[in-house]
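Q: Residue numbers (full-length UniProt numbering): 1 to 445.
Handing you this structure, nothing more for now.
What follows is the structure in C-alpha cells.
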C-alpha cells in the first residue's frame, strides 16, 4: 500500500511541473477554466532519512530546508512572541531566560510560558487565600469565595514575574534532553578539593568564555575549543570536567570512548556525527570523552580499521570549531603516548593539561571535601591525615576509598555494639582509629 501511495505521489508531482501557467489578462474566461495553475508542494518531517530517495531529487522535493534547534538569539525572538500578550512585571530579561534554556525548541518554550503562567496563578491564589484567611473558613464560605469576582486591584496584580519563569525552567524538560542530553552536572569545585591552579586555567579558557562571550568577541580572542586532560588514574579528571561545566552553567555530555565503537561499517561514524549534532543544539555544551585514547590510537596498526574510520570522522568534527558555536570538547586519558599525533595539534585537542597526583595539602582538602556528608568526629584532623606518610602517593580515588573504608568500619562498630552502647545518647562518628584500621588492612596485603 505504501509503495503504491509513493508511486502515485511521484506521478502527481511530475505532472505538476507540466501544468500550464494561467492565461494572461487578454484570454477569455473559458480558456482560463480549461488551464491549470502552478502547484506548490511542501512536505514536513523530522525523519528526512526515512523519506524515499526518489522523492528527494530535482523536480520533486528538490529544495530541503533544515529547521534546527533555535540558538540563543532565536529563542529571544520566540519568547518575545510568546510573551507578547502576557502581563509581565516591569523588569523582565528575555535574554537571561534564553541563556538558561539551551536545547529548547519552540514547543518547549511555549510549554515554558504556560508553566510560568500556572506558577504565577498558584502564587497569586495562595496570596489571596492568605490575605483573606481562607484557611479558617468552612466549606460553604470556601465555595462562596471562589465565586466572588476579583477586584480591579487584584486583577492588577495578575502578572508573571521573572522568578516564575526561572522556576518553570527547572520543571520543563526540553525535547532534546529526552533524547539523551545530560543536564548541568551538580558537581562543584568544592567537591573536587584542591587543584587551584587548574581551576584558574579552566576559569580563564572556558568558564568566562561561556559566561561572557561578548567580551571575548569584542577583543577578538580566539581560544582553543579542545582540551586534553592527562595524568595518572584516579586523579579526578572526570570530576574536574563536571565541575567546569557546573561553574560555566553549560550542559554536559559524558561519553566513554568504547561506547562509540561499532562493528558495522558506517555506524561508528554516524554515532560521532549525531553526538556533535546534539552538542551543537544544546549549546553551550561541554562534550567530555572519557578514555579518549580508545578512539584516537595511532593509525596504521593491523586490525584497527574500525578505530581509524572513527578517528577520521572525529578529526572532521574537531576541525569544525567555527560551526560548533560554544561547544567545547574535553578529553581525558592516562595514556597520551598511544594517541595519534594528528589529534594533538592546535585546533583539535590543542590545549594539553596535566592533572598531577595531589600534594600533601591537597590531600587534606580532598579528604575534607569527601567528609562533608559524613559524621566525622571533631577530634579527627583530616589535614594531618592527608600529610601522613601512609597517604604518600595517594590519588583522589585512593583517598575516596580510604574515607569509605573508615565509614564502613564505623558502621560495623555500630551494628555490632552492645545494647548499652546502642542506647547511649552520644552520636556515632568516624574516628581516627577507623582510618588506622584501613591502613592495617593495606599493610597486611
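C-beta atoms are modelled at their ideal positions from N, C-alpha and C, and glycine is treated no differently.
Taking C-beta to C-beta, are residue 285 and residue 327 nearer than 8 Å?
A: Taking the chain shown and counting its residues from 1, one reaches residue 285 at position 285. Taking the chain shown and counting its residues from 1, one reaches residue 327 at position 327. A contact, by the Cβ cut-off of 8 Å.
Q: Between the stretch 237 to 249 and the stretch 182 to 199, do at least 3 Cβ pairs fall closer than 8 Å?
A: Yes, they touch.
Q: Provide the residue span of the alpha helix (DSSP H) that contains residue 447, from first to last.
A: Outside the displayed range of the chain (1 to 445) lies residue 447, so it cannot be described from this structure.
Q: So is the beta-carbon of residue 116 under 7 Å away from any non-hydrogen atom of the ligand FMN?
A: Looking at this structure, you won't find the ligand FMN or any other ligand, since it has none at all.
Q: Could you tell me which uninterrupted alpha helix (DSSP H) segments, each at least 4 residues in length, are contained entirely in the stretch 189 to 219, listed from first to last along the chain?
A: Fully enclosed alpha helix (DSSP H) runs of 4 or longer: 189 to 192, 196 to 202, 208 to 211 and 213 to 218.
Q: Measuring only the C-alpha atoms, how far is residue 88 from residue 175?
A: Working through the chain shown from its first residue, we reach residue 88 at position 88. Working through the chain shown from its first residue, we reach residue 175 at position 175. Rounded to the nearest angstrom, the two C-alpha atoms are 26 Å apart.
Q: With which residues is residue 354 paired in a DSSP beta bridge?
A: In the chain shown, the residue the question calls residue 354 occupies position 354. Partner(s): 230.
Q: To the nearest angstrom, report how far apart residue 232 and residue 353 are at their CA atoms.
A: Taking the first residue of the chain shown as position 1, residue 232 is located at position 232. Taking the first residue of the chain shown as position 1, residue 353 is located at position 353. Spanning the two alpha carbons is a distance of roughly 12 Å.
Q: Tell me the rounded alpha-carbon separation between residue 12 and residue 270.
A: Position 12 of the chain shown holds residue 12. Position 270 of the chain shown holds residue 270. Whole-angstrom Cα-Cα distance: 34 Å.
Q: Use the C-beta contact count for residue 163: other C-beta atoms within 10 angstroms, 16 or more gives buried, fewer gives exposed.
A: Translated into positions along the chain shown, residue 163 becomes position 163. So residue 163 counts as exposed.
Q: By DSSP's criteria, residue 333 is part of a beta bridge. Which residues make up the other side?
A: Taking the first residue of the chain shown as position 1, residue 333 is located at position 333. DSSP, once it has assigned bridges, lists 230 as partnering residue 333.
Q: Look up residue 254 in the DSSP assignment and give the residues it is bridged to.
A: Against the chain shown, residue 254 aligns to sequence position 254. Per DSSP, 288.
Q: Return the chain-ordered list of same chain residues with a C-beta closer than 8 Å to the C-beta of residue 403, the five sequence neighbours on each side being excluded.
A: Along the chain shown, one-based indexing puts residue 403 at 403. Closer than 8 Å at the Cβ level, and outside the excluded window around residue 403, lie 367, 370, 371 and 374.
Q: Just grab the DSSP bridge partners of residue 339 for me.
A: By one-based count along the chain shown, residue 339 stands at place 339. Bridge partners of residue 339: 297.
Q: Which stretch, first to last residue, makes up the alpha helix (DSSP H) that contains residue 266?
A: Counted from its first residue, the chain shown places residue 266 at position 266. No alpha helix (DSSP H) holds residue 266; DSSP gives it neither H nor E.
Q: Are the CB atoms of residue 306 and residue 261 nearer to each other than 8 Å?
A: Within the chain shown, residue 306 is the residue found at index 306, counting from 1. Within the chain shown, residue 261 is the residue found at index 261, counting from 1. In this structure, residue 261 lies closer than 8 Å to residue 306 by Cβ.
Q: Counting C-beta neighbours from all protein chains within 10 Å, is the total for residue 189 16 or more, i.e. buried, or is it exposed?
A: The count along the chain shown starts at 1 and reaches residue 189 at position 189. The residue is buried, with at least 16 neighbouring Cβ atoms inside 10 Å.
Q: For residue 160, does the three-state DSSP call read helix, strand or coil?
A: Reading the chain shown from its first residue, position 160 is the one you call residue 160. Strand, per DSSP.
Q: List the DSSP bridge partners of residue 88.
A: Counted from its first residue, the chain shown places residue 88 at position 88. Residue 88 pairs with 160.
Q: Using the DSSP secondary-structure output, state which residues sit across from residue 430 in a beta bridge.
A: Locating residue 430 in the chain shown gives position 430, where the first residue counts as 1. Partner(s): 376.
Q: Return the residue from the list 111, 250, 223 and 129 that minimises the CA-CA distance to residue 187.
A: Against the chain shown, residue 187 aligns to sequence position 187. Answer by Cα proximity: 250.
Q: For the alpha helix (DSSP H) that residue 76 lies in, which residues bound it at each end?
A: As a first step, residue 76 is located in the chain shown; it is residue number 76 there, counting from the start. Where residue 76 is concerned, the enclosing alpha helix (DSSP H) stretches over 72 to 82.
Q: Could you check if residue 277 is buried or exposed, using at least 16 other CB atoms within 10 Å of its CB as the buried criterion?
A: Numbered from 1 along the chain shown, position 277 holds the residue referred to as residue 277. Exposed is the call here.
Q: What residues match up with residue 446 in a beta bridge as DSSP calls it?
A: No answer is possible for residue 446: it lies beyond the span of the chain, which begins at 1 and ends at 445.
Q: Leaving out five residues before and five after residue 104 in sequence, what residues of the same chain have Cβ atoms less than 6 Å from its Cβ?
A: As a first step, residue 104 is located in the chain shown; it is residue number 104 there, counting from the start. Counting only Cβ-Cβ distances below 6 Å, and skipping sequence neighbours, we find 174.
Q: Ordered along the chain, which non-local residues of its own chain (more than five positions away) have a Cβ less than 7 Å from that of residue 272?
A: Reading the chain shown from its first residue, position 272 is the one you call residue 272. Contacts found: 260, 310, 313, 314 and 317.
Q: Note down, in chain order, each residue of its chain lying with its Cβ closer than 8 Å to the Cβ of residue 257, except the 5 sequence neighbours on either side.
A: For the purposes of this step, residue 257 is identified with residue 257 of the chain shown, where counting begins at 1. For residue 257, where only same-chain residues beyond five positions count, the Cβ hits under 8 Å are 289, 290, 291, 292, 293, 294 and 295.
Q: Taking only three categories from DSSP, how would you classify residue 438?
A: Position 438 of the chain shown holds residue 438. Residue 438: helix per DSSP, three-state reduction.
Q: Just the C-alpha distance for residue 503 and residue 50, rounded to the nearest angstrom, thanks.
A: Residue numbering for the chain in the displayed model covers 1 to 445; residue 503 lies beyond these limits and cannot be assessed.
Q: Secondary structure at residue 53, three-state DSSP: helix, strand or coil?
A: Translated into the one-based positions of the chain shown, residue 53 becomes position 53. Coil at residue 53, not helix or strand.
Q: Three or more C-beta pairs under 8 Å: does that hold for the stretch 100 to 120 against the stretch 69 to 83?
A: Touching, yes.
Q: When the Cα of residue 222 is compared with those of 214, 160 and 90, which residue comes out closest?
A: As a position in the chain shown, residue 222 is number 222, starting the count at 1. For residue 222, the nearest C-alpha among the options comes from 214.
Q: What is the DSSP secondary structure of residue 313, counted as helix, strand or coil?
A: Translated into positions along the chain shown, residue 313 becomes position 313. In the structure shown, residue 313 sits in a helix (DSSP, three-state: H, G or I).
Q: Got a sec, what are the start and stop residues for the alpha helix (DSSP H) residue 99 sits in?
A: By 1-based counting over the chain shown, the position of residue 99 is 99. Element bounds for residue 99: 94 to 99.
Q: Do the CB positions of residue 430 and residue 377 come within less than 8 Å of each other?
A: Here residue 430 is taken as the residue at index 430 of the chain shown, counted from 1. Here residue 377 is taken as the residue at index 377 of the chain shown, counted from 1. In this structure, residue 377 lies closer than 8 Å to residue 430 by Cβ.
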